[in-house]
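Shown next, in structure tokens, is the structure this report addresses.
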Amino acid sequence: MNFELDEIVIEEQCRHSPLAARIIRASLDVPVRFTDDARQDIRPNPNAADPFAAGKRKMVIMHRRAPFLMACPAGSSEFACCGYLVMVLASNCPMDCSYCFLQDYIADNPAFQVYANYTDAFDELERARRRLSDRALRVGTGELADSLAFDRITGASRDLVGYCASRDGILLELKTKTDEIDNLLSVDPRGRTLVSWTLSPDRVFATSEKGTASPTARIKAAQRVLEAGYKVAFHLDPIIAYADAERDYLALLVELFDFVSPEDISFISLGGLRMTPALRSAARKRHPQDPMLCGEDVLAADGRYRTFTPLRVSLFGALERRIAAASPAILRYLCMEPASVHRRVLGRSPAPPAAVGATLARH
Amino acid sequence: MSQREDLRERVLSWAEARHLDTEHIQRWLALDAASAAAILHAASSLGLRTGQAQAALEMLEEIALREGTDAASILARAPFKRILEGAGSAPARARAFVNELRVMRFPRLGRALEELKAEVAALKLPQTVRMVLPKDLGSDELRIELRVRDGEELRASVRTLESRIAAIERILALIGGPV
Numbered sequence: 026m027n028f029e030l031d032e033i034v035i036e037e038q039c040r041h042s043p044l045a046a047r048i049i050r051a052s053l054d055v056p057v058r059f060t061d062d063a064r065q066d067i068r069p070n071p072n073a074a075d076p077f078a079a080g081k082r083k084m085v086i087m088h089r090r091a092p093f094l095m096a097c098p099a100g101s102s103e104f105a106c107c108g109y110l111v112m113v114l115a116s117n118c119p120m121d122c123s124y125c126f127l128q129d130y131i132a133d134n135p136a137f138q139v140y141a142n143y144t145d146a147f148d149e150l151e152r153a154r155r156r157l158s159d160r161a162l163r164v165g166t167g168e169l170a171d172s173l174a175f176d177r178i179t180g181a182s183r184d185l186v187g188y189c190a191s192r193d194g195i196l197l198e199l200k201t202k203t204d205e206i207d208n209l210l211s212v213d214p215r216g217r218t219l220v221s222w223t224l225s226p227d228r229v230f231a232t233s234e235k236g237t238a239s240p241t242a243r244i245k246a247a248q249r250v251l252e253a254g255y256k257v258a259f260h261l262d263p264i265i266a267y268a269d270a271e272r273d274y275l276a277l278l279v280e281l282f283d284f285v286s287p288e289d290i291s292f293i294s295l296g297g298l299r300m301t302p303a304l305r306s307a308a309r310k311r312h313p314q315d316p317m318l319c320g321e322d323v324l325a326a327d328g329r330y331r332t333f334t335p336l337r338v339s340l341f342g343a344l345e346r347r348i349a350a351a352s353p354a355i356l357r358y359l360c361m362e363p364a365s366v367h368r369r370v371l372g373r374s375p376a377p378p379a380a381v382g383a384t385l386a387r388h
Numbered sequence: 072m073s074q075r076e077d078l079r080e081r082v083l084s085w086a087e088a089r090h091l092d093t094e095h096i097q098r099w100l101a102l103d104a105a106s107a108a109a110i111l112h113a114a115s116s117l118g119l120r121t122g123q124a125q126a127a128l129e130m131l132e133e134i135a136l137r138e139g140t141d142a143a144s145i146l147a148r149a150p151f152k153r154i155l156e157g158a159g160s161a162p163a164r165a166r167a168f169v170n171e172l173r174v175m176r177f178p179r180l181g182r183a184l185e186e187l188k189a190e191v192a193a194l195k196l197p198q199t200v201r202m203v204l205p206k207d208l209g210s211d212e213l214r215i216e217l218r219v220r221d222g223e224e225l226r227a228s229v230r231t232l233e234s235r236i237a238a239i240e241r242i243l244a245l246i247g248g249p250v
């Protein structure tokens, strides 16, 4: 997949980093500029018609000053949580899904940031691994960015997979909507890296997931990394409750299980479309022609717009039954749903986040 | 003055009189001429209040986008023609107009709420007991209110609730979604 950039900005202290060298070598046609402090360059361009979109086309290679590891921003005491530990190696994404939470979450610093000192994250991870030696950690890079979108030019996945391959107690999750897997195929993950794909029916892909690989391409990529020794998982998230949604999502599962044996899938997560009022406003402003943003969403008890409860739960239930029928061994969880919805859909109360994370990491 | 300019002036004039905000005026004027005119006709003949006009504009845009049509075609449908051409006071017809839009904008929610309201009515609860459905079914929580003034009313209310447990569980299942 080729994503276009307007400009690459490199912080002086990162000028001689291996990451900058790899990116410059791979992006010959893109103008490069150097700056002493890139923090001003990640701000929104006030002259751009769509500052968030403009940010996606400006890659800033900089030194990360904040910690690389953080708790998943979706976590909250209101919801059951999957214990996902986020490793922030980049921020923003060259693809442009209409429902993406980044449109609000990083609206104040939308440039596509990649951190030249990303191997410092390994030290943090090592400390976390020692501190939490009694449980397995599930760590992912796909929360504030797509894990593989620019992997062709950054090559970061090779370092990550290589690092985790020799560490017990860590499962690295690379989450993506691309089919950028070539670098992965050249490294042996030794069972310690899982690649996960967010999947949507073709209709959602066509209306709402600009620049992503098609659902079929994603599934075929999963098949290939599985053969190369990686674990695979899938996120049906966000599930959008348009008129034929149940039929289309069930058909998507049929297609998935045709290509990837259910027994080979580590887990499948389900999550309904949810938007804070600010995100909803930003998304509708940026994607005024997307009918998927005009569903039967109501202001829910948590202050987010969600599909009204019985419809949302009914969709979850239909998908859960289909997945369980394919293989009861596939782990399933719901993202950002209260315990009562877990009980209704999965027939059990959710476990504490750390326990869920550890279970997913071991599976 | 061209027809489009004339329409623009009439929309601006209506909007100014109602203190409609700039964002909604711009959205109105950005519509195709037939849709902008149809909305102006509805707004004028029903005397929509500002909030009603804002809600109507938003819902019409969303229905049109979802159904791949335009606001003029939606407003030409029978339910709206009946309201626009029907008898009754303007405020009552304005309310009916916005309600009809809401039914179209949220068809499945509307059906679910109707079903629930019918189930609640079938409980035939005394005035001391009230079932409060979650707003727009945005949660799975049913609120049950008791308003009692003495022990006898309390015991009678609780006995009524106990005798309706199965039906209330059915309502909870409808609110929470099928298991």
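Sequence order for the protein chains is Y and A.
Per the numbering used here, the very first residue in the first sequence carries number 26; after that it's consecutive.
Per the numbering used here, the very first residue in the second sequence carries number 72; after that it's consecutive.
Idealized CB from N, CA, C, for every residue including glycine.
Subject >> the segment 160-177 of chain Y / the segment 201-211 of chain Y touching (three or more Cβ pairs under 8 Å) >> reply: yes
Subject >> Val-229 (chain Y) versus Y:Tyr-124, Y:Gly-328, Y:Phe-147, Y:Lys-83, residue with shortest Cα-Cα distance >> reply: Y:Tyr-124
Original post:
Whose C-alpha, out of Y:Leu-359, Y:Leu-340, Y:Leu-371, is nearest the C-alpha of Ile-265 (chain Y)?
Top reply: Y:Leu-340
Subject >> CA-to-CA distance, Pro-353 (chain Y) to Asp-273 (chain Y), given in whole angstroms >> reply: Cα to Cα, the separation comes out at about 22 Å.
**OP:** State yes or no: is the beta carbon of Glu-321 (chain Y) nearer than 7 Å to at least one beta carbon in chain A?
**Re:** yes
**OP:** Might you give, ordered along the chain, the residues of its own chain that have their beta carbon closer than 8 Å to the beta carbon of Asp-289 (chain Y), omitting 5 neighbours on each side?
**Re:** Leu-251, Val-257
Original post:
Alpha carbon to alpha carbon, how far is Trp-218 (chain A) from Leu-225 (chain A)?
Top reply: Reading the sequence as shown, one finds Arg at residue 218 (chain A) and not Trp. Looking at the two C-alpha atoms, the distance is approximately 8 Å.
**OP:** Report yes if the CB atom of Met-84 (chain Y) is closer than 7 Å to the CB atom of Phe-137 (chain Y), and no otherwise.
**Re:** yes
Subject >> Listed by chain order, chain A residues near Ala-326 (chain Y) by CB distance under 8 Å >> reply: Chain A residues near Ala-326 (chain Y): Pro-205, Gly-209, Ser-210, Glu-212.
Subject >> Enclosing alpha helix (DSSP H) for His-95 (chain A) [first to last residue] >> reply: Taken as a continuous stretch (DSSP letters only), the alpha helix (DSSP H) holding His-95 (chain A) covers 93-101.
Subject >> Gln-445 (chain Y) burial status per 10 Å Cβ neighbour count (16 or more: buried) >> reply: In the structure displayed, chain Y extends from 26 to 388; residue 445 (chain Y) sits before or after that span and is not available.
Subject >> Buried versus exposed, by CB contacts within 10 Å (16 or more), Gln-128 (chain Y) >> reply: buried
**OP:** Identify, in the order they occur along the chain, each residue of the same chain with its Cβ nearer than 8 Å to the Cβ of Cys-122 (chain Y), setting aside the five sequence neighbours on each side.
**Re:** Lys-202, Ser-233, Glu-234, Lys-235, Thr-237
Original post:
What beta strand (DSSP E) runs, 3 residues minimum, are completely inside the segment 128-160 of chain Y?
Top reply: You should have 137-140.
Original post:
Within the present structure, is the beta-carbon of Gly-236 (chain Y) separated from the nearest heavy atom of the ligand PLP by less than 6 Å?
Top reply: In the structure shown, the ligand PLP is absent, as is every other ligand, since no ligand is present at all.
Original post:
Is Val-338 (chain Y) close to chain A, meaning its C-beta is less than 7 Å from at least one C-beta of that chain?
Top reply: yes
Original post:
How about the segment 299-315 of chain Y and the segment 324-344 of chain Y: do they share at least three Cβ pairs that are nearer than 8 Å?
Top reply: yes
Original post:
Going by alpha carbons, who is nearest to Pro-263 (chain Y) out of Y:Arg-243, Y:Leu-224, Y:Leu-278, Y:Thr-144?
Top reply: Y:Leu-224
Original post:
So who's on the other strand from Glu-32 (chain Y), going by DSSP bridges?
Top reply: Y:Lys-83
Original post:
So, Tyr-255 (chain Y) versus Val-285 (chain Y), is the Cβ gap smaller than 7 Å?
Top reply: In this structure, Tyr-255 (chain Y) keeps its C-beta atom at 7 Å or more from the C-beta atom of Val-285 (chain Y).
Original post:
Are there three or more Cβ pairs, one per stretch, closer than 8 Å when the segment 223-240 of chain A is compared with the segment 177-197 of chain A?
Top reply: yes
Original post:
Going along the segment 249-268 of chain Y in order, which residues come within less than 9 Å of chain A, judged by CB to CB distance?
Top reply: Ala-266, Tyr-267, Ala-268
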